[in-house]
Amino acid sequence: MPATSAPPPPPTPTPPSRASAADRTAAPATATPIAAGPPASRTGDPARRARRVRRILVPALVLSAPLVLAVAMGVGAVSVSPPHVLQVVLHHVLGTPPADTGVDPIDDQIVWEYRAPRVLLALVTGAALALAGTVLQTLIRNPLADPFVLGIASGASLGAVAALVVGASAAGLLATLGVTGAAFAGAIGTLALVLALGRRGGRVDPARLVLVGVSISSLLQALTSWLQLQASPDQIAGVLFWLLGSVSGATWSSLALPAVALAAGLVGLLAAGRTLDALLLGDDRAASLGVDLSRARTLLFVVSALFTAAAVSVAGGVGFVGLIAPHLVRLVVGPAHRRLLPLAALVGGLFLVLADLAGRTLTAPRELPLSIVTALVGVPVFLAVLLRADGGRAR
Numbered sequence: 001m002p003a004t005s006a007p008p009p010p011p012t013p014t015p016p017s018r019a020s021a022a023d024r025t026a027a028p029a030t031a032t033p034i035a036a037g038p039p040a041s042r043t044g045d046p047a048r049r050a051r052r053v054r055r056i057l058v059p060a061l062v063l064s065a066p067l068v069l070a071v072a073m074g075v076g077a078v079s080v081s082p083p084h085v086l087q088v089v090l091h092h093v094l095g096t097p098p099a100d101t102g103v104d105p106i107d108d109q110i111v112w113e114y115r116a117p118r119v120l121l122a123l124v125t126g127a128a129l130a131l132a133g134t135v136l137q138t139l140i141r142n143p144l145a146d147p148f149v150l151g152i153a154s155g156a157s158l159g160a161v162a163a164l165v166v167g168a169s170a171a172g173l174l175a176t177l178g179v180t181g182a183a184f185a186g187a188i189g190t191l192a193l194v195l196a197l198g199r200r201g202g203r204v205d206p207a208r209l210v211l212v213g214v215s216i217s218s219l220l221q222a223l224t225s226w227l228q229l230q231a232s233p234d235q236i237a238g239v240l241f242w243l244l245g246s247v248s249g250a251t252w253s254s255l256a257l258p259a260v261a262l263a264a265g266l267v268g269l270l271a272a273g274r275t276l277d278a279l280l281l282g283d284d285r286a287a288s289l290g291v292d293l294s295r296a297r298t299l300l301f302v303v304s305a306l307f308t309a310a311a312v313s314v315a316g317g318v319g320f321v322g323l324i325a326p327h328l329v330r331l332v333v334g335p336a337h338r339r340l341l342p343l344a345a346l347v348g349g350l351f352l353v354l355a356d357l358a359g360r361t362l363t364a365p366r367e368l369p370l371s372i373v374t375a376l377v378g379v380p381v382f383l384a385v386l387l388r389a390d391g392g393r394a395r
């Protein structure tokens, strides 16, 4: 019987060396690869950076508003310092005796009777146009929508020009309403016509509404041009200046209509902030969240049209405010309407205050109409916003 060979002896274990122990200690760190994250950026997380910018810009904007208003009330042929402007305002608001203000009575009259209504009317008008633009851009879901897209401004212009050309020689309704009343009536009449023709199946159709608004606007502009041809040489200058926008004839009484419309409308829009946010998600999502689309759209279109009517009836045709103010504010605070609406109103108001200030000082003693100044500033700003958005999508 053959001999069975013995199994080989087991290998003698080698005692761990210092190097192998170090390798075992480092092994977990090298054995489990760590997923590579995005490269570190000097500017940090975009969302965090946006919040940081928002925390700086929003308080700065709110705190700078009184200073902008004081400077606008003090600049002119007769300069009044911001502290004196503040004293004049406190004197008339709080009722302090005139002798305690230390301000010349003539300066007091200039600031309170002429400049304060003008500056505040520009503020309120710009805020109303900005809110109207914000709401319309949400309703139509078109970033190019502005307060003039529904023809409301054209209706107001027709009413105002009719009052300027025909009302002076008429003893009827136009003479009774005056320019502001006729402009507001023209805007409301246009709104009713556009809403009546813009329905489909008993509901407001945004696309149909825009098409109807553009068509009605073209018709009203043709009628306005025809009235201009009937104007006398003395009337034509006032007609053109009104059509291009101006707050030079502002009085405390003319401030009442847009101020009331702005206050009431802003409260209503803030209450409807969640509805506006839902409309941004599309009709199906908004309906699933319980939004009555037809009712919500109708009410919001009416509110935005009332904003436009109130603004255009006292300041004329002022473009670009309702277009660029919402875009600028969205860059800072995002699309949430509870933040977007009040800040858009503030930006639009301050923008028009500064535009009016530039218009009455750059070419003094002649004044530039508001639409010229807003276009000169608004076009480059809007193009910059578009280019920035395109650059963000490319990245």
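Numbering (full-length UniProt numbering), first residue to last: 1 to 395. Quick reminder that beta carbons are idealized off the backbone N, C-alpha and C, glycines included.
Query raised in the report: Is S371 closer than 9 Å to G198 when the C-beta atoms are compared?
Result: no
Report task. Please list, in chain order, all residues of the same chain as V68 whose beta carbon is under 8 Å from its beta carbon, the five residues on each side excluded. Result -> L350, V353, L354
**Report entry** Uninterrupted alpha helix (DSSP H) stretches inside the segment 110-165 (no shorter than 4 residues)
**Finding:** 116-140, 152-165
Query raised in the report: Under a Cβ-count criterion, where at least 16 other Cβ atoms within 10 Å of its own Cβ denotes burial, should R388 be classed as buried or exposed?
Result: exposed
Query - Nearest residue (CA-CA) to S248, options T361, D108, A345, T190 - result: T361
Report task. Count the C-beta pairs between the segment 108-119 and the segment 64-82 that are closer than 8 Å, then say yes if the count reaches three, no if not. Result -> yes
Query raised in the report: When you compare only the Cα positions, how much space is there between L211 and A182?
Result: 25 Å
Query raised in the report: Hey, T180 and S64: beta-carbon distance below 9 Å or not?
Result: no
Query - One or two residues paired with R203 in a DSSP bridge - result: R200
Query raised in the report: Among residues of its own chain, excluding the 5 on either side of L195, which ones have a beta-carbon nearer than 8 Å to its beta-carbon?
Result: V204, L209, T298, F301, V302
Query raised in the report: So, using beta-carbon positions, are L131 and F382 closer together than 9 Å?
Result: no
Query raised in the report: To the nearest angstrom, how far is it from the Cα of A286 to the Cα of A278?
Result: 5 Å
Query - Presumed contact (8 Å Cβ cut-off) between A310 and L257, rounded CB distance - result: 6 Å
Query raised in the report: Rounded C-beta distance between G95 and G322? I'm assuming under 8 Å.
Result: The pair is not a contact, with the Cβ atoms about 37 Å apart (cut-off 8 Å).
**Report entry** Delimiting residues of the alpha helix (DSSP H) encompassing W242
**Finding:** 233-243
Query raised in the report: Fully enclosed by the segment 246-319, which alpha helix (DSSP H) runs are 4 residues long or longer?
Result: 256-271, 273-279, 283-288, 293-315
Query raised in the report: Between R330, T374, A70, which lies nearest to L57 when the distance is taken from Cα to Cα?
Result: R330
Query raised in the report: I think P335 touches L280, with their Cβ atoms under 8 Å apart; what is that distance to the nearest whole Å?
Result: 6 Å
**Report entry** Span of the alpha helix (DSSP H) around A358
**Finding:** 337-361
Requested in this report: Let me know the secondary structure DSSP gives G364 once reduced to three states.
Outcome: Note on residue identity: the sequence assigns Ala, not Gly, to residue 364. Here A364 sits in coil by DSSP.
Requested in this report: Between the Cα of A380 and those of A263, R339, F320, L86, spot the shortest distance and give me the residue it belongs to.
Outcome: The sequence as given places Pro at residue 380; Ala does not occur at that position. P380 has its Cα closest to that of F320, out of A263, R339, F320, L86.
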